[in-house]
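Undergrad: Here's a structure for you.
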């Protein structure tokens with residue numbers, strides 16, 4: 001017993017000496033694990049609840065999301081049927097349309113774990129590119145349909161995509177989108193254009209990135225339209241004015257409703273103008289969080 005007590009005393013004395021000799025170590029731990037007290041204790045990170053005043057806006061947006069994904073499924077069914085019938089031209093049009101509906105709500109889909117990575121991965125994500133077994137979803141169909149013109153392989157990929165598309169619709173329609181995520185999505189749409197589509201890196205086989213840019217803008221503008229009453233005329237005025245300039249450039253490449261020229265037709269001067277306008281739009285939208293007084297947990 002005496003030895004046990006002596007051992008404990010030795011450890012206590014050693015600990016006190018280390019705290020004096022190495023105060024920076026103790027301070028460093030305090031920085032990483034701050035003491036929490038009062039009514040604002042953070043228990044865990046997760047979705048930030050939607051304030052009551054924004055709940056109607058969220059419900060309106062969820063109706064929009066459900067409608068877009070329902071239209072996506074309809075186009076995927078058309079895609080499968082037209083491939084089976086050997087109508088490849090109509091199948092290609094159905095693919096582009098289905099992907100447009102997907103893009104119009106894509107930031108919301110990204111909230112569902114790795115769903116976007118499964119249903120919409122690019123070949124360059126993987127070491128073996130198009131031959132990689134993990135390359136599935138939209139762009140595998142696009143590859144076989146536009147690049148390889150392989151009807152049998154395209155049909156198998158389209159059938160798999162349809163199963164995933166229906167599952168996605170069922171999953172999203174039963175979920176609640178929190179308002180802070182909705183606010184972040186308005187910016188994410190623009191960032192996706194700047195990161196991939198403006199460089200023509202999304203639909204590299206079908207050359208349909210201009211159509212996807214239009215869909216991303218539509219998705220972002222839908223959120224602004226819903227949240228507009230809470231934003232204020234000064235900010236919404238800037239956003240709408242900038243949107244109009246962007247839309248004017250895209251309209252010069254529009255063939256008909258929801259149909260656009262191939263990305264390769266995009267002139268460099270228009271590409272540079274879009275880059276400038278979209279960068280400014282992203283900067284404006286980044287201020288929405290402060291204007292609406294919401295916090296966002298983003299890309300942890």
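Numbering (full-length UniProt numbering), first residue to last: 1 to 300.
For glycine and all other residues, C-beta sits at the position ideal for the given N, C-alpha and C.
As the structure is a prediction and not an experimental result, all values here were calculated from the model.
1. Closer than 8 Å by C-beta to residue 86: which residues in its own chain qualify, once you throw out the five before and the five after it? Chain order, please.
2. Which residue or residues does DSSP assign as beta-bridge partners of residue 245?
3. Between 224, 170, 125 and 141, which has its C-alpha nearest residue 156's C-alpha?
4. Alpha helix (DSSP H) containing residue 59: first to last residue?
5. Between the C-alpha atoms of residue 97 and residue 50, what's the straight-line distance to the nearest angstrom?
6. With 16 as the cutoff for other CB atoms within 10 Å, does residue 72 come out buried or exposed?
7. Can you list, in chain order, the residues of its chain whose CB lies under 7 Å from that of residue 78, leaving out five sequence neighbours each side?
8. What do you get for residue 265, buried or exposed, if any count of 16 or more other CB atoms within 10 angstroms of its CB means buried?
9. Which residue spans inside the stretch 103 to 175 form an unbroken alpha helix (DSSP H) run of at least 4?
10. According to the neighbour-count rule (16 or more other Cβ atoms, all chains shown, within 10 Å of its Cβ), is residue 229 buried or exposed?
11. Measure the CB-CB distance between residue 138 and residue 205 and report whether it falls below 7 Å.
12. Whether or not the stretch 111 to 128 and the stretch 53 to 70 are in contact is what I'm after, with contact meaning three or more pairs of Cβ atoms, one per stretch, closer than 8 Å; do they touch?
13. Can we say the stretch 159 to 172 touches the stretch 183 to 194, given the rule of at least three CB pairs closer than 8 Å?
14. Would you mind listing the beta strand (DSSP E) stretches within the stretch 180 to 215 that are 3+ residues and don't spill past its ends, in chain order?
TA: Concretely, from the data shown:
1. 151
2. In DSSP, residue 245 forms no bridge with anything.
3. 141
4. 55 to 84
5. 32 Å
6. buried
7. 94
8. exposed
9. 106 to 109, 115 to 119, 138 to 142 and 151 to 173
10. exposed
11. no
12. no
13. no
14. none
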